[in-house]
Amino acid sequence: MVNTTYQVQGMTCGHCVSAVSAEVGAIPGVRDVQVDLAAGWVTVSSDQPLDPAVVRAAVDEAGYDLVDA
């Protein structure tokens, strides 16, 4: 299991958390998504390391921005 934390900009409420969790959670291989709304962090547990472009596309689809590391 691989845990990766990403910073996501623009989340302000529970709906934001749900939208990001649903989109990122739909990526093949993702087992769990935990969102820290106050800090803007999204921690993803997956079977294998994820392609950052795929994560960025999922966050974009949810309507938010992945902050570059």
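Under the numbering used here, the first residue of the sequence shown is numbered 457, with each subsequent residue one higher. Backbone N, C-alpha and C fix where the C-beta goes; we use that ideal spot for every residue, glycine too.
Among the options, whose alpha-carbon lies nearest the alpha-carbon of residue i?
i: V489; options: E517, V473, G519; result: V473
i: A494; options: A482, V510, G470; result: G470
i: T460; options: A518, V491, A478; result: V491
If you measure from the CB of residue i, is any heavy atom of the ligand ATP nearer than 7 Å?
i: D488; result: By its list of ligands, the structure shown contains no ligand whatsoever, and the ligand ATP lies outside what it can speak to.
Taking 6 Å as the limit between beta carbons, can you name the residues of its chain near residue i, skipping five residues before and five after?
i: V523; result: Q463, Q465
i: E479; result: A514, E517, A518
Please return the same chain residues whose Cβ sits closer than 8 Å to the Cβ of residue i, not counting the five positions on each side in sequence.
i: M457; result: R487, S501, S502, D503
Keeping to the same chain, check which residues put their C-beta closer than 7 Å to that of residue i; ignore five residues upstream and five downstream.
i: V476; result: V464, M467, V491, V498, V515, A518, Y520
Determine the extent of the alpha helix (DSSP H) in which residue i is found, giving its start and end residues.
i: D516; result: 508-518
> In chain order, which continuous runs of the beta strand (DSSP E) of length 3 or greater are located wholly inside the segment 457-504?
Replying inline: Taken in chain order, the unbroken stretches of beta strand (DSSP E) that lie wholly in the segment 457-504 and span 3 residues or more are 458-465, 486-492, 497-502.
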